[in-house]
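Following: one structure in structure tokens, then a few remarks.
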Amino acid sequence: MARVAFIGLGNMGGGMAANLAKAGHDVRAFDLSEAALAKAEERGCLRAASAAEAVAEAEAVVTMLPAGKHVRDVYETSIIGVAPTSAILMDCSTIDVATAREEIAKAEAKGYRMVDAPVSGGIAAAEGGTLTFMVGGSPEAFAAAQPFLDLMGKAVIHAGGTGAGQAAKICNNMLLGASMIATCETFVLAQKLGLDPQTFFEISSKASGQNWSMTSYCPVPGVGPETPADRDYEGGFAAALMLKDLRLAMEAAQGADAYTPMGAYAEELYTRFAEKLGGAGKDFSGIIKMIDDSWTPPAGSVAPPPPLGAKI
Ligand code: NAD
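Put into structure tokens, the structure is as follows:
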């Protein structure tokens, strides 16, 4: 069994680190949060006093941090030049493609193998070890990372070279954000035209409008399989995280000179829902309540709902 350093034991990292420990690895865990560290210890990890201490003798390093600036900071101050160069470095955070490529280049320049390996699947999948990993990096780095990622996921896919994991993740989530909004407004229109939502679901899920947001994650309560819509949009994938991913996609689109009008409009609508109307903590399918005008912004939200059909 290997000595694995795990940095970032939050909602996702906590369960992932516990799965590595459960598989018998010697997991040295670090987080800035005392509560997260204590929980990791309870779940079989060993507490490290710093990120540098965690990685000191590691054979593998996993990071699961909020955003690019945290990844840059942790890699440049506590991992590159501190961990043994034989360690395989895996960043599983969702970050911008440019930072992922820069940090991997810096690690490779010092003799490390490193992959970007963001995940699809939420907290339940992190706990259950059923995440999907999209991995960018050299074939050698992928081969070294796979045995560790296999213990935390149900699918580990080599997306291509450095940064390809992050590229796949944000492209997928841009499509998801735009298709969720399209699905929401379609159900709102169908009901306004007098269609029963269940009947419309049965028709459209077998017709050419069929898509994942409709058939696996229907935003209308009581229609299709059980989804966050049936729990007043609690749990699931928070609108704030969808907005984060849409912003990363837009940043990448600008850098790549790609025209992404639907992604841009999805970003605008999620900004309104999550940041201006207080919907950040709701599941991302809850945006249907902004679209059908039934959303009541919590006290302190900065903007009133726009009139239906208004250009936002
Ligand atoms: P989180 O905020 O719950 O956890 C991040 C952890 O990193 C926190 O415990 C924080 O204390 C720690 N941290 C921050 N800076 C640190 C540092 N310098 N050193 C050590 N620890 C540090 O976030 P999360 O929900 O676990 O998400 C982590 C990543 O996974 C994000 O990039 C997110 O976009 C991505 N992701 C999340 C989900 C989800 O459903 N939550 C799904 C897929 C991907």
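The numbering of the sequence shown is numbering that gives the first Met the number 0, which starts it at 0 and goes up by one. A virtual CB, placed ideally from N, CA and C, is assigned to each residue, including glycine. Since the structure is predicted, the reported quantities are computational estimates derived from the model, not experimental observations.
- Quick one: any contact between the stretch 268-278 and the stretch 181-200, if contact means 3 or more CB pairs under 8 Å? No: fewer than three Cβ pairs fall under 8 Å.
- Would you say the beta carbon of residue 167 comes nearer than 6 Å to a heavy atom of ligand 1? Checking every heavy atom of ligand 1 against the Cβ of residue 167, none is found closer than 6 Å.
- Own chain residues within Cβ distance below 8 Å of residue 58, not counting five before or after: Close CB contacts of residue 58 within its chain, under the 8 Å cut and outside five residues either way in sequence, are with 1, 2, 3, 83, 85, 86, 87 (chain order).
- First through last residue of the alpha helix (DSSP H) which encompasses residue 72: Residues 67-73.
- Query: Tell me the DSSP bridge mates of residue 149?
  - Reply: In DSSP, residue 149 forms no bridge with anything.
- Runs of beta strand (DSSP E) wholly within the stretch 113-171 (minimum 3 residues, chain order): Complete beta strand (DSSP E) runs here, min 3: 130-135, 152-159.
- Task: Thinking residue 8 and residue 45 are a contact (beta carbons under 8 Å), I'd like their distance in whole angstroms, please.
- Result: Between residue 45 and residue 8 the Cβ distance is about 12 Å, and since that is not below 8 Å, they are no contact.
- Item | Alpha carbon of residue 370 to alpha carbon of residue 11, nearest angstrom | For the chain, the structure presents residues 0 to 311; residue 370 sits outside this window and is missing.
- Other residues of its chain near residue 306: CB distance less than 8 Å, five sequence neighbours each side excluded: With a pLDDT of 49 at residue 306, under the threshold of 50, the predicted position of this residue should be treated as unreliable, and no value is reported.
- Task: Output the distance between the C-alpha atoms of residue 148 and residue 120, rounded to the nearest integer angstrom.
- Result: Here the C-alpha atom of residue 148 lies approximately 14 Å from the C-alpha atom of residue 120.
- Item | Pair within 7 Å by beta-carbon distance, residue 150 and residue 22 | Inclusion of residue 150 and residue 22 in the CB contact set at 7 Å is warranted, their separation being smaller than that value.
- Using the DSSP secondary-structure output, state which residues sit across from residue 45 in a beta bridge. Residue 45 is bridged to 27.
- Message: Based on DSSP bridge pairs, tell me the residues matched to residue 20.
- Response: Beta-bridge pairing by DSSP links residue 20 to no other residue.
- Message: Three Cβ pairs or more, each shorter than 8 Å: is that satisfied between the stretch 280-293 and the stretch 105-112?
- Response: No, they do not touch.
- Query: residue 163 to residue 223, Cα distance in whole Å?
  - Reply: If you take the alpha carbons of residue 163 and residue 223, they lie about 33 Å apart.
- Message: Just checking residue 65 against ligand 2 - is the residue's beta carbon closer than 6 Å to any of the ligand's heavy atoms?
- Response: Within the structure as shown, ligand 2 is missing, the only ligands being ligand 1.
- Taking residue 96 as part of the alpha helix (DSSP H), name the residues at either end of that continuous run. It spans 96-108 - the alpha helix (DSSP H) in which residue 96 sits, taken as one unbroken run.
- Item | residue 11 Cβ short of 6 Å to ligand 1 heavy atom set | Distance from the C-beta of residue 11 to the nearest heavy atom of ligand 1 is below 6 Å.
- Measure the C-alpha to C-alpha separation of residue 168 and residue 118 and round it to an integer number of angstroms. Using only the alpha carbons, I get a separation of about 7 Å.
- Query: Which partner residues does residue 5 have in the DSSP bridge list?
  - Reply: According to DSSP, which records beta bridges pairwise, residue 5 is partnered with 28, 61.
- Message: I'd like to know whether the C-beta atoms of residue 134 and residue 158 end up nearer to each other than 7 Å.
- Response: With respect to the 7 Å criterion, residue 134 and residue 158 are classified as neighbours on the basis of their beta carbons.
- Should residue 92 and residue 51 be called a contact, given that it needs their Cβ atoms to be closer than 7 Å? Cβ atoms of residue 92 and residue 51: not closer than 7 Å.
- Message: Tell me the DSSP secondary structure of residue 237 in three-state form.
- Response: Here residue 237 sits in strand by DSSP.
- Message: Looking only at its chain, what residues have a beta carbon closer than 7 Å to the beta carbon of residue 13, apart from the 5 residues adjacent to it on each side?
- Response: Excluding residues up to 5 positions away in sequence, 35, 38, 39 lie with their Cβ nearer than 7 Å to the Cβ of residue 13 in the same chain.
- Straight-line Cα distance separating residue 183 from residue 219: Using only the alpha carbons, I get a separation of about 8 Å.
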